[in-house]
Every structure is written in structure tokens, then in C-alpha cells.
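Beneath this line is the structure, given in C-alpha cells, with notes to follow.
2 protein chains.
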Amino acid sequence: MALHKEPQVITDKDQMRKWSRAMRSQGKTIALVPTMGYLHQGHLSLVKEAHKHAHVVAVSIYVNPSQFSPNEDLSTYPSDFHGDIQKLVSVPGGVDVVFHPYNLYDYGNGAKENVGDVGDGDDGVVSCIENSGLGHETWVRVQNLEKGLCGLSRPVFFRGVATIVTKLFNIVEPDVVVFGKKDYQQWRIIQRMVRDLDFSIEVIGSEVVRDSDGLAMSSRNVHLSPEEREKALSINKSLLRAKSAAEDGQVDCEKLRNLVIQCIAEAGGKIDYAEIVDQESLEKVEIIKNPVVFCIAALFGKVRLIDNMEMKL
Amino acid sequence: MALHKEPQVITDKDQMRKWSRAMRSQGKTIALVPTMGYLHQGHLSLVKEAHKHAHVVAVSIYVNPSQFSPNEDLSTYPSDFHGDIQKLVSVPGGVDVVFHPYNLYDYGNGAKENVGDVGDGDDGVVSCIENSGLGHETWVRVQNLEKGLCGLSRPVFFRGVATIVTKLFNIVEPDVVVFGKKDYQQWRIIQRMVRDLDFSIEVIGSEVVRDSDGLAMSSRNVHLSPEEREKALSINKSLLRAKSAAEDGQVDCEKLRNLVIQCIAEAGGKIDYAEIVDQESLEKVEIIKNPVVFCIAALFGKVRLIDNMEMKL
């Protein structure tokens, strides 16, 4: 039986930065895998990918309130810190550090200056942070990429993601960061943000990991009943069918979309969006010419699932 | 005559970061003084302040297009790079590096993915960058502090400032940054941004520097005719009068504001705003209880000047 490495758990952000700087001063490069915990094989594949790109690997486990609307599932977001650590220990090479802060929006005395409602932006966007009394009021926005797909039904989501990732970058100071391509729009937004804000960080996109039945791994899958899960398989099945059709020469996105929408609807899923978009700009495409990605969000029962498939001719 | 140190001039951002990291690996701390050039004694006072807080000093000289609206004075913003270097050489200790990039929004190949109009935000804010074809679309906003004072008449200004400062932070990676309190709202916004985004950077606010006649130093002063300059002295004079009245017990901000507004209007200035605000939150104050700052923006001819005065009871 192999020796398993227990990660160091750091909860304080100054300690976290101190650790990173100590690593850097030893000439070691640092990879960060940001997560919200309740880890599954998808996350572990990100850790494995991280090991390929840096000397040491840090995983952050933090459920970020600013990417949830007050009406979303922040309070029921699953967590299992002890289980997460065990899973990370099981990865070959383990991880060096788990950064597990309590509240990254609590600035101590500073917050007292600005207690209460910090209001909403000009565009009325409000997350679970605005009325926390913590006084956080700085937001990073990737103006175009955040607009479509998940951005339409989750108006605070990508603002919260870009902001917490910026904070984590400034705390962990990594050389490399690994995101899953299952959250395709998120991955592209972070890539663009890193470019536009001149972060000296390489952004790696790691392939979607699926269960043996084809369902893309997600922490939210745990909320699916067995029946809902069976129905949810229609997402991957229909995406594969669309990909196959595209490879056979079907370049009309309207037809490809209808194929997928019909299949998911027949299985009882409620579609939020099913769009074929350019892989870089995430703009809708009508006729496939350049590499595209078919992105889907659909509800099965109360569980919102997303998935996607890259398609080339 | 003392030996004067010529700064190293760096135009490439990767070279800039390399320099900073070399300094850091030698155990040296780095102070950054961000400027738009056309330096005056006010800027030089920031450099002197910077020397107190770090081993080495970098000055950035870059006229940031994203903080100008298309109808503002980007094209006529004064510049004198050669003169700037001479002035920096004259400061005791000089400066170690001048970072003078050509275009911090040109991402090379990346831009081709996204040529053309990147559109405006949900709030319709557009700067000199949006239609540049460079594809920059990531913005940092400090939601509340950016709203009032200069934010009212310059809707893109603080978004552009927070974004370029973030970029400079990520390129120069300083330990300390020095801003002038003449741009009071800007200073507070950067402080808040640094806190909210967890930058590991100390933000120093340096006192307003005035010419012997009392006019706050500004690169824009060069555009004032001798008559306009004479009239513009009403800003400082009236602020001093208000401060004196407050010290004598006048806590009614309406009365203090009227005193200043009348004095500037009589001199022929056109007031943009004259507000007494809390020093931390920048929220308007009616009765002075806590430390406040009296902030003014006024036009003399076509030249928009800002000034402020901190007041305590």
C-alpha cells in the first residue's frame, strides 16, 4: 500500500500567502485548484492535471456566497470536509495544501466602516454578500463573456466567480490554475480575466469527467433521485448524438439544437438553455464553421445541471 | 553636486515583472507610484514618500485610455517623457525603474479573437477602450465609492482607474503603492479595492502638494491661462475659510458648502460638485460629527480642477 500524503490545512489567508511565498522562494511553482468542496472524481482529475504543471498543489475549498443569488441553493450546497480530505489523500501525489477559509468577505475592523446594506450595482445585481453587513463592494466583471448561457439565468454568478477567483489568486499567488471544462463559460471567463488583468498565471482547462453512465460529475448530482438521474442521462446522450450528426456534416445549428432539445424534453428535463456557441467568444453560431461548443443547462426535478460538448467539423 | 541616479526604463510588461521578481528574490521590497506622466512636484512628493516605505521605487508613466470617456481630454492630455525622467532623477534617491508601456490593452493574438465593438456594460458605460478593437472586457468596479463626487460626471473614470491599477499591481507586483490624496476618491477606492480583492499591498495616501499660491498641483494646470489660474485660487482659499469656520464650531454642512460655492462662483468658476463627505464612506454629511473631507470639482475655462480638504472638529 502506497504512502499517502496528508495535506496541510490552512484557514488563514495570511498564512496561506506565507506558505506560497515560502514555496516560491525555494524555486517551486504552485498550482491552485479552486473548488467549493464536496469533491468527486471530476475535482480529483483537476488535481491530477495540476500535478503535471507545478511542483506543489494547493486546493481551495470554499463555498463562495457571492456567486449565489439570495434565491439560489447556497444554504443547501452540500459539504463534507472530512471526506474531501480523504479523497485528496487518495490522489497519487496527494495535495500539499488545502486552503479552507471561513469567510473571505469579512475584513475585520474595516467592515465596521461600512456596515449595512451596501446597495446594488447600477444593474441591480445582488448576491448573498450585498446585505451581509460586511461592506464588500468590489467586483470583477468580464463584460461580454458573462452575459449569455448561465449568465442569463444566474445574473450574479460570474461576477461572484471572477471576484472570488481574483481574491484567491491574490492570496495563493499561484503560477498555474486548473479549471474544469464542464463549467465551460466559467473557464473561458477566467482565461479572459487573467489576460485582461495581466495576472501572471497559466489557466489550464481540464476535460469533463463523467460517471460510467455518461452523466457529467457535479456536486449537485447527489440531489438527484434515481429516476431523475436516469432522465438526466438524456443530456449526454443527446449531445453525443448532436456531435455525431455534426461530424456527419450537419452544420445547421437550429437542427442540432432541436435534436437535443427534443431528446431532453422527452426525458422530462426542463431546458434552461441549449446553445451552440463559438468556443472563444461564446457567441451564438448559426452555421458551424469554426470550433464550437454545445452548452446545455437543464433542470431535472429541482436540480439544475450543466454540461457541454466541444464540436469540430 | 550629488550623484544622480538614472532610472532603468522598461516598456515590456514581462520585463517589468521579471525585474520586480528579481528584486523580491534579493529580499527587497518594492514601492510603486502610478502616474500618467507630465510630472510635477506633487508626483515627486509621492516618490519621496515611496522611498520611506520600500527598498526600491518604480514609477509607472502611462496615460490610461480606459479612464477617459470618448468626449474627454485623452488626446490633449499633456506629456513630456524626457522632462519626466529628468525630474525623477532630481529626486533624492531617484527612482529605480520607470515602467512606460505603450499599450496595456493590446493582448496580441488574443485580441484577434474578439476584434470590434465589445459593447457596453449593462449600465451603458463606455470608455476610450470599448471600440478600440482590442477586445478588453474585464473591469474592476468599487460599487459604492465610485458612485458620487467625480463618479457622477465621469462615469467611466473610476472603473478605468481600478482596472488599470489592478493590471499594474499584477505586472509590477509591488509591496507598497503611493497615491496622492489630492485625488481623494481615487485613493479611497484603491484602498477599498485592495482590501476587497485581497491584494497584499499597502496603500499609502500622500498629502496634497500646492504651489506657493495655494493651487493644488495638477498636470492639467498647464492648460490654465494666467487669469484662469488667478480665479482658480478661489478653490483653496474658500476651502481654508470653510475649514477655519468648522474649527470655530460651524458643523452645518449646508452653510459651509454655501460659503465655498459662493466664493468659487464669484471668482468665475463653474462648480461641478462641492460636497462634504465622510472620510471613509464618502457619503454626504449634513452635520459634522466624524472626520470629513470637503471635496470640490470646478471648471475654470475648459479646465476641470479638483481639490479637497480634510476637516475635523
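Chains as they are written, first to last, in full-length UniProt numbering: chain F, 1 to 313; chain G, 1 to 313. For each residue, glycine too, the CB sits at the ideal point set by N, CA and C. Source: prediction; values computed, not measured.
Contact annotation for Val142(F) against chain G: Glu137 and Thr138 [CB-CB distance below 7 Å, chain order]. Residue range Gln41 to His53 is occupied by the alpha helix (DSSP H) that includes Glu49(G). Counting only unbroken stretches of 3 or more residues, the beta strand (DSSP E) elements lying wholly within the region 183 to 214 of chain F are 202 to 206, in sequence order. The residue from Thr35(G), Asp198(G) and Lys167(G) with its alpha-carbon nearest to that of Leu104(F) is Asp198(G). In the pairwise beta carbon analysis, the region 32 to 50 of chain F is classified as not touching the region 133 to 140 of chain F: fewer than three pairs are separated by under 8 Å.
In this structure Tyr102(G) is exposed. Its beta-carbon is surrounded by fewer than 16 other beta-carbon atoms within 10 angstroms. For Phe81(G), the secondary structure class from DSSP, reduced to helix, strand or coil, is helix.
Counting the other Cβ atoms within 10 Å of the Cβ of Ala22(F) gives fewer than 16, which makes it exposed. Ranked by Cα distance from Ser218(G), the options Ala232(G), Leu145(G) and Asp12(G) are led by Ala232(G). When DSSP assignments are scanned along the region 251 to 286 of chain G, the uninterrupted stretches of beta strand (DSSP E) that are 3 or more residues long and fall wholly within it turn out to be 270 to 278. The Cβ-Cβ distance between Val178(G) and Ile201(G) does not fall below 8 Å.
For Met193(F), a Cβ of chain G is located within less than 8 Å of the residue's own Cβ. Annotation for Gly268(F): Lys231 place their beta carbon closer than 6 Å to its own, counting only its chain and skipping 5 residues before and after. For Asn308(G), the beta-bridge partners assigned by DSSP are Cys295(G).
Taking the CA atoms as reference points, Val293(F) sits about 29 Å from Val126(F). Taken atom to atom, the span from the alpha-carbon of Glu6(F) to that of Met16(F) is near 17 Å.
In the three-state reduction of the DSSP assignment, Leu233(F) falls in the helix class. In the DSSP assignment, no residue is bridged to Phe157(G). Around Lys13(G), the beta-carbon contacts reaching into chain F at under 8 Å are Asp198. In the DSSP annotation of this structure, Arg24(F) is not part of any beta strand (DSSP E); the continuous alpha helix (DSSP H) holding it starts and ends at Lys13 to Ser25. Taking a contact as a CB-CB distance under 8 Å, the pair Asp307(G) and Lys181(G) does not count as one, their CB atoms being some 11 Å apart. For Asn103(F), the closest Cβ of chain G is not nearer than 8 Å.
Considering only Glu283(G), Ile261(G), Met311(G) and Lys167(G), the residue with the shortest C-alpha distance to Ala297(G) is Ile261(G). Here the region 150 to 162 of chain F makes no contact with the region 86 to 94 of chain F; the two share fewer than three CB pairs at distances below 8 Å. By the C-beta density criterion, Ile287(G) is exposed, having fewer than 16 other C-beta atoms within 10 angstroms. Judged by DSSP in its simplified three-state form, Pro34(G) adopts strand.
Neighbours of Tyr184(G) in chain F, taken as residues at a C-beta separation under 8 Å, are lacking, since the least C-beta distance is about 16 Å.
According to the DSSP assignment, Ser60(G) belongs to the beta strand (DSSP E) that extends over Val56 to Ile61. According to the DSSP assignment, Phe99(F) belongs to the beta strand (DSSP E) that extends over Val97 to Phe99. When C-beta atoms of the region 29 to 44 of chain F are compared with those of the region 67 to 87 of chain F, three or more pairs fall below 8 Å, so the two segments count as touching. Cα atoms of Leu145(G) and Ser225(F): separation of roughly 47 Å, rounded to the nearest angstrom.
Contact annotation: Val277(F) and Met193(F) have beta-carbon atoms that are not nearer than 8 Å.
Bridge partners of Ala242(F) according to DSSP: none are assigned.
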